[in-house]
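Below: the structure, in structure tokens.
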Amino acid sequence: MTAQLIDGNALSKQLRTQVAADTAALKAKGLTPGLAVVLVGDNPASQVYVRNKVKACEDAGLHSVLEKYEADMTEADLLARVEALNNDPAIHGILVQLPLPAHIDAQKVIEAISPAKDVDGFHIASAGALMTGMPGFWPCTPYGCMKMLESIGYDLKGKHAVVIGRSNIVGKPMALMLLQKDATVTVAHSRTQNLKALTLQADVIVAAVGKRNVLTADMVKPGAVVLDVGMNRNDEGKLCGDVDFDGVKEVAGYITPVPGGVGPMTITMLLVNTLESAQRALSEKH
Ligand code: GUN
């Protein structure tokens with residue numbers, strides 16, 4: 001293996017220790033940061049995710065509430081819950097776990113969350129703030145990727161970054177964050193022709209497609225930094241990313257593993273955003 005590993009567990013531990021310290025300091029001033037996690041239905045993956053989010057809050061000393069509802073909850077009832085949480089002074093972050101059942105308009109629910117509490121960064125106000133460089137919450141997964149690049153002291157200025165995937169949650173915000181740090185950014189997607197020609201030019205590659213082996217060793221320039229956002233299962237049922245890790249690690253300069261890479265960073269940045277929201281609430285009071 002030639003690539004150095006970017007260890008998401010180790011970096012998360014370091015950042016969560018800082019979040020815990022800052023949370024303790026905020027509590028000493030009389031304010032406990034609070035996150036509300038709302039889950040509708042019984043999607044098994046979502047149940048694991050929300051449990052991990054609530055546990056991470058507890059471990060760092062944040063207040064958290066998990067609201068679970070039946071899959072047949074009406075959209076109106078969910079919107080009413082969001083409104084109540086918007087007005088709850090103990091809550092600084094609201095996260096409605098996606099996907100929502102098909103009869104609920106997810107975008108409508110996201111837009112009902114107060115942008116001041118949108119710690120997922122999915123509201124159009126948050127997306128607009130990111131696009132224009134204004135203060136606002138950044139989506140946790142690409143934000144975590146930026147922290148990983150920062151942790152290796154990587155200077156993006158003038159570098160070519162190729163983002164594979166154009167989702168609202170990862171690909172698009174990732175491209176904007178990289179651009180903000182002066183990278184030259186290419187966004188590739190399912191209709192892109194000759195992906196390999198693009199990735200071979202890349203200094204940084206972010207794979208965020210949700211499909212195994214999207215990036216193989218022959219597609220990577222020696223020394224490139226490879227961030228793997230994928231979360232898939234291989235034929236043996238083992239967790240794997242979008243990157244052919246065993247092949248690419250022989251070519252890349254840095255690589256993130258799956259599991260133990262970007263995944264834990266997503267939850268860490270949720271804590272960071274919730275803490276930030278509480279700090280803003282306190283400074284507005286004074
Ligand atoms: N479903 C999968 N990932 C996420 C996430 O980061 N936030 C929310 N709200 N739902 C998700």
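Per the UniProt record's numbering, the sequence shown starts with residue 1, numbered consecutively.
All C-beta atoms, glycine included, are put in the ideal place defined by N, C-alpha and C.
Remember, it's a predicted structure, so these values are computed and weren't measured experimentally.
Backbone CA spacing between residue i and residue j [nearest angstrom]
i	j	result
G61	V37	16 Å
A102	G121	22 Å
L271	G133	21 Å
A84	G34	14 Å
L156	V229	19 Å
A161	I152	16 Å
V226	A252	7 Å
K27	L79	30 Å
T74	V40	10 Å
F137	K117	9 Å
R191	A281	43 Å
A21	L11	16 Å
E236	Y143	31 Å
K172	N86	27 Å
Run of the alpha helix (DSSP H) containing residue i, from where it starts to where it stops
i	result
A76	75–86
L176	171–180
V54	44–60
T268	262–285
D22	8–28
M134	Neither: M134 is in no alpha helix (DSSP H) and is coded neither H nor E.
A197	195–199
Residues that DSSP places opposite residue i in a beta bridge
i	result
D228	A207
E150	Partner(s): none; E150 has no beta bridge.
A161	V185, V204
R233	L239
A36	V65, I94
I104	Its beta-bridge partners do not exist; DSSP assigns none.
L215	V243
L5	I255
Whole-Å CB distance - residue i paired with residue j, under 8 Å assumed
i	j	result
G8	P264	5 Å
V119	V109	The pair is not a contact, with the Cβ atoms about 15 Å apart (cut-off 8 Å).
L239	V258	6 Å
L5	I255	6 Å
L215	A207	5 Å
G241	N232	7 Å
H92	A278	4 Å
Residue i: CB within 7 Å of a non-hydrogen atom of the ligand ADP
i	result
Y49	Judged by which ligands are present, the ligand ADP is missing from the structure shown, whose ligands are the ligand GUN.
Host beta strand (DSSP E) of residue i (start-end)
i	result
K68	63–69
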